[in-house]
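Undergrad: One structure, as structure tokens, below. Some questions next.
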Amino acid sequence: MRKRIVAGNWKMNKTFIEAESLLFDIADLLSESRPKDVEVVVCPPALYLELTSDIAQQNDFKSGAQNISHHAQGAYTGELSAEMVKSAGVKYVILGHSERRLYFGETDEVIAQKIDKALKHDMTPIYCCGEVLEEREEERHFQVVSDQINKAVCHLADHEVRDIVIAYEPVWAIGTGKTASPDQAQEMHAYIRSIISAHYGSETGDAISILYGGSCNPGNAAELFQQPDVDGGLIGGASLKAEDFVKIVNSFKK
Ligand code: PGA
Numbered sequence: 012m013r014k015r016i017v018a019g020n021w022k023m024n025k026t027f028i029e030a031e032s033l034l035f036d037i038a039d040l041l042s043e044s045r046p047k048d049v050e051v052v053v054c055p056p057a058l059y060l061e062l063t064s065d066i067a068q069q070n071d072f073k074s075g076a077q078n079i080s081h082h083a084q085g086a087y088t089g090e091l092s093a094e095m096v097k098s099a100g101v102k103y104v105i106l107g108h109s110e111r112r113l114y115f116g117e118t119d120e121v122i123a124q125k126i127d128k129a130l131k132h133d134m135t136p137i138y139c140c141g142e143v144l145e146e147r148e149e150e151r152h153f154q155v156v157s158d159q160i161n162k163a164v165c166h167l168a169d170h171e172v173r174d175i176v177i178a179y180e181p182v183w184a185i186g187t188g189k190t191a192s193p194d195q196a197q198e199m200h201a202y203i204r205s206i207i208s209a210h211y212g213s214e215t216g217d218a219i220s221i222l223y224g225g226s227c228n229p230g231n232a233a234e235l236f237q238q239p240d241v242d243g244g245l246i247g248g249a250s251l252k253a254e255d256f257v258k259i260v261n262s263f264k265k
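Per the numbering used here, residue 12 is the first one in the sequence shown, and the count goes up by one each step.
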């Protein structure tokens, strides 16, 4: 069976003290109740990765980074390499988030190199794709997502592609309170799976976890997660409150 995953993307939020207390609150609530076989991932700002990995290890969840450099090492002031991030006990890394594309000019060519670096250092990339509002209104959303996946993912070998997670995040739904409907999410997730199946065969397509992201909250998660091709969520705003985040984890059928 495909892995079911709920990952929290804290973005650029929380001081050290706040981060520590949020991590302990998440750990406490998860210890009270969580469905079996759901992988929980917390992606804090890079400064708190080591702390997160330590607490995660003792509490059966995983730590994830929000980004890594596409360079291996050297004179790249301010950057963090995959190897460095891995050495902080990190298991997952979000790559190609729409905010990285929009504000930091990341292209799928650069994101493809980051995916390679993450895999080389045994971290699972969570590759984000998704259309902006205008593209959906012009009914170009399938083409846009297909281009993104072709450029960033389809160079991988079969055994590598099985080690990635894809997150469909329609940009018009991120931080806006406007969620994709369960039907819209299911339609795109099935399409993404069909692209992977066309390149790598249906066994590989079936094995890949595809997460939904964009204003997912405790009120809408259950219906989204019930869709056959939705294997979990990438959660922004609602991951900053332990109760909401753990409620989303518990939205999976037990
Ligand atoms: P949101 O963000 O849940 O706040 O919409 C999701 C994301 O950006 O990953």
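Ideal placement from N, C-alpha and C gives every residue a C-beta, glycine not left out.
Could you tell me if Ile175 is buried or exposed, where buried requires 16 or more neighbouring beta carbons within 10 angstroms of its beta carbon?
TA: As a working note, residue 175 is residue 164 in the sequence shown. Ile175 comes out buried.
Undergrad: Please confirm whether Ile160 and Ile206 have their CB atoms less than 7 angstroms apart.
TA: Along the sequence shown, read from residue 1 onward, the residue named residue 160 stands at position 149. Along the sequence shown, read from residue 1 onward, the residue named residue 206 stands at position 195. Yes, the Cβ-Cβ distance between Ile160 and Ile206 is below 7 angstroms.
Undergrad: Would Phe27 be called buried (16 or more neighbouring beta carbons within 10 Å of its own) or exposed?
TA: For this step, residue 27 is matched to residue 16 along the sequence shown. When all chains shown are included, Phe27 counts as exposed.
Undergrad: From Asp10 to Asp158, what does the alpha carbon distance come to, in whole angstroms?
TA: Shown here, the chain extends from 12 to 265; a query on residue 10 therefore has no answer.
Undergrad: Can you give me the Cβ contacts of Ser213 inside the same chain, cut-off strictly under 8 angstroms, excluding the 5 residues immediately before and after it?
TA: Along the sequence shown, one-based indexing puts residue 213 at 202. Nothing meets the Cβ criterion.
Undergrad: According to DSSP, is Tyr223 helix, strand or coil?
TA: Position 212 of the sequence shown, counted from the start, is the residue given in the question as residue 223. DSSP places Tyr223 in strand when its eight states are reduced to three.
Undergrad: Does the beta-carbon of Asn20, which I'm using as the reference point, lie nearer than 6 angstroms to any heavy atom of ligand 2?
TA: Inclusion of ligand 2 in the displayed structure is not the case, the ligand content consisting of ligand 1 alone.
Undergrad: Alpha carbon to alpha carbon, what distance is there between Ile219 and Glu142?
TA: If you number the sequence shown from 1, residue 142 lands on position 131. If you number the sequence shown from 1, residue 219 lands on position 208. Between Glu142 and Ile219, the C-alpha separation is close to 20 angstroms.
Undergrad: Can you have a look at Phe236 and say buried or exposed, based on whether 16 or more other CB atoms are within 10 angstroms of its CB?
TA: Indexing the sequence shown from 1 puts residue 236 at position 225. So Phe236 counts as buried.
Undergrad: Would the beta-carbon of Leu245 be found less than 6 angstroms away from any heavy atom of ligand 1?
TA: Residue mapping note: residue 245 aligns to position 234 of the sequence shown, counting from 1. Yes, the beta carbon of Leu245 sits closer than 6 angstroms to at least one heavy atom of ligand 1.
Undergrad: What are the partner residues of Pro136, as DSSP defines its beta bridges?
TA: Translated into positions along the sequence shown, residue 136 becomes position 125. Looking at the DSSP assignment, Pro136 forms a beta bridge with Val104.
Undergrad: Just checking Ile122 against ligand 1 - is the residue's beta carbon closer than 6 angstroms to any of the ligand's heavy atoms?
TA: Position 111 of the sequence shown, counted from the first residue, corresponds to residue 122. No, ligand 1 has no heavy atom inside 6 angstroms of this Cβ.
Undergrad: Could you compute how far the alpha carbon of Ala57 sits from the alpha carbon of Ala76?
TA: The count along the sequence shown starts at 1 and reaches residue 57 at position 46. The count along the sequence shown starts at 1 and reaches residue 76 at position 65. Ala57 and Ala76: Cα-Cα distance of roughly 6 angstroms.
Undergrad: Consider the C-beta atom of Gly89 and the heavy atoms of ligand 1; say whether any pair is separated by less than 6 angstroms.
TA: Residue numbering aside, residue 89 sits at position 78 when the sequence shown is read from its first letter. Not so, every heavy atom of ligand 1 lies at least 6 angstroms from the Cβ.
Undergrad: For the putative contact between Ala201 and Asp240, defined by C-beta atoms under 8 angstroms, what is the C-beta separation to the nearest angstrom?
TA: Reading the sequence shown from its first residue, position 190 is the one you call residue 201. Reading the sequence shown from its first residue, position 229 is the one you call residue 240. Rounded, the Cβ-Cβ distance is 5 angstroms, consistent with contact.
Undergrad: With 7 angstroms set as the bound, which would you pick, yes or no: does the beta-carbon of Ile246 sit closer than that to a beta-carbon of chain D?
TA: Included in the structure is just one protein chain, with no chain D present.
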